[in-house]
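Heads up, the sequence shown is in my numbering, so the first residue is 13 and it goes up one at a time.
Below is one structure; the comments refer to it alone.
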Amino acid sequence: MPSQSRTVAYGRVHNLQIVSVTPLASSKDGYWVIFIHGGAWRDPTVKDTAFNAAESILRDTPDLPIAGFASISYRLSAHPNHPQDPINTSPTITAMRNTPIIFGICGATLAFQAVMGAVSNHREQAFSETKENPKISVGVVSASPGPLPPPLTAQPTAIVGVAGIYDLRRLRDSHPDISAYSEFIEGAFGADELLWDGVSPAQMAGSRGVEGGWKSGRLAVLAHSKDDELVDESQLDAMEESLKQWGKLEAQIPVQELSHRDRRVRVLPISGAHDEAWERGDQLAYAIIYALEQLREMGLAPQ
């Protein structure tokens with residue numbers, strides 16, 4: 013039986029900055045599954061409870077290496093700039109080691125944003141160059157407004173993006189006759205399309221992208237339904253292409269921990285309309301179970 017769920021506030025800006033946490037006594041050596049909901053960054057009716065249906069299915073599935081569940085709510089785009097700066101949700105992630113993270117539409121965006129080099133390595137050194145001293149550090153700089161949060165001390169082992177948005181400009185351009193796409197993107201990120209590119213995981217490459225930021229990551233699963241009426245398959249294609257170089261690199265982990273440093277990128281077909289993945293819970297649970305099976309095959313989860 014799971015221990016009692018509790019709700020914890022991780023911020024003071026808004027009452028939506030909460031995380032619902034449920035540890036499972038039956039698998040202390042398993043993974044924590046963290047869910048961040050979607051809702052186009054603006055739907056207040058979609059929050060941490062969106063994970064309830066999938067969580068119920070997972071609890072009833074025997075022999076899963078799950079140590080507990082966490083479902084995160086966050087402030088939405090009625091607030092200035094970002095709906096929730098992804099680095100501000102990182103304390104919830106870093107509190108749980110060896111963590112596969114499972115996300116829906118906007119949650120998939122936030123998941124990969126959280127491990128992009130431009131975010132996870134958000135303390136960047138500024139350098140002053142002279143002929144005698146080509147690189148002299150002049151201190152830490154950041155484009156983030158306000159005080160910087162603590163840097164990530166642990167990264168997720170796996171990320172599962174379900175019906176995710178990975179390229180904001182591509183999403184708008186794929187639906188030129190539907191103004192709602194531009195409206196919700198601008199509501200969350202403003203009208204600067206260069207900023208859209210900067211926060212799009214499929215657009216940022218090299219040191220500022222997932223390749224440069226998710227150094228200890230092992231598994232990326234991209235789940236998408238052909239029946240999805242809101243997010244087209246080009247989002248999955250763009251993110252799969254973006255992850256190719258990351259998948260070729262070895263994970264940066266302590267030598268004594270594991271015998272190999274392999275990574276995997278997997279595409280998982282699911283079924284149903286866009287919101288059905290979390291409303292019914294079966295497809296979201298299926299994606300999570302698939303990720304755990306992949307980790308077992310890689311020798312990264314107990315049998």
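Note that the Cβ used here is the ideal one computed from N, Cα and C, for glycine as well.
query	result
Cβ-Cβ distance between P314 and D41 below 8 Å	yes
N- and C-terminal bounds of the alpha helix (DSSP H) containing L307	D294 to E309
Range of the contiguous alpha helix (DSSP H) that encloses F63	No alpha helix (DSSP H) contains F63, which DSSP labels as neither H nor E.
Residues bridged to R18 [DSSP beta-bridge criterion]	V33
Residues of its chain near Y178, where Cβ-Cβ distance is below 6 Å and the 5 sequence neighbours each way are ignored	P213, A214, Q247, A250 and M251
Beta-carbon proximity list for V279, same chain, < 7 Å, skipping 5 on both sides	L234, L248 and E252
Exposure of H272, with buried meaning 16 or more beta-carbon neighbours within 10 Å	exposed
For L207, three-class secondary structure by DSSP	helix
N-terminal and C-terminal residue of the beta strand (DSSP E) that S283 is part of	No beta strand (DSSP E) contains S283, which DSSP labels as neither H nor E.
Cα-Cα separation between V31 and I84, rounded to whole angstroms	4 Å
Distance CB(G229)-CB(V127) smaller than 8 Å	yes
E309 burial status per 10 Å Cβ neighbour count (16 or more: buried)	exposed
V277 in three-state terms, based on DSSP	strand
I78 - partner residues in DSSP beta bridges	Y43
C-alpha distance - E223 paired with M216, whole-angstrom precision	9 Å
Per DSSP, the bridge partner or partners of A235	V174 and L280
Exposure of I99, with buried meaning 16 or more beta-carbon neighbours within 10 Å	Only weak support is given to the placement of I99: the predicted model assigns it a pLDDT of 42, under 50, and the value that follows is read from those uncertain coordinates. Per the 10 Å Cβ criterion, buried.
Anticipated Cβ contact below 8 Å, V211 with Q125, distance rounded	6 Å
Assumed close pair A170, L70 - CB separation to whole angstroms, cut-off 8 Å	With a Cβ gap of about 15 Å, A170 and L70 do not count as contacting.
Paired residues, beta bridge with S83 - DSSP	S32 and F47
Sub-8 Å separation of A120 and E291 beta-carbons	no
Secondary structure of W290, DSSP reduced to three states	helix
Option in P35, R220 and S283 with minimal Cα separation from Y298	S283
Backbone CA spacing between E288 and S186 [nearest angstrom]	22 Å
Neighbourhood of D240 by C-beta, 6 Å cutoff - its chain only, sequence neighbours within 5 removed	A175 and H286
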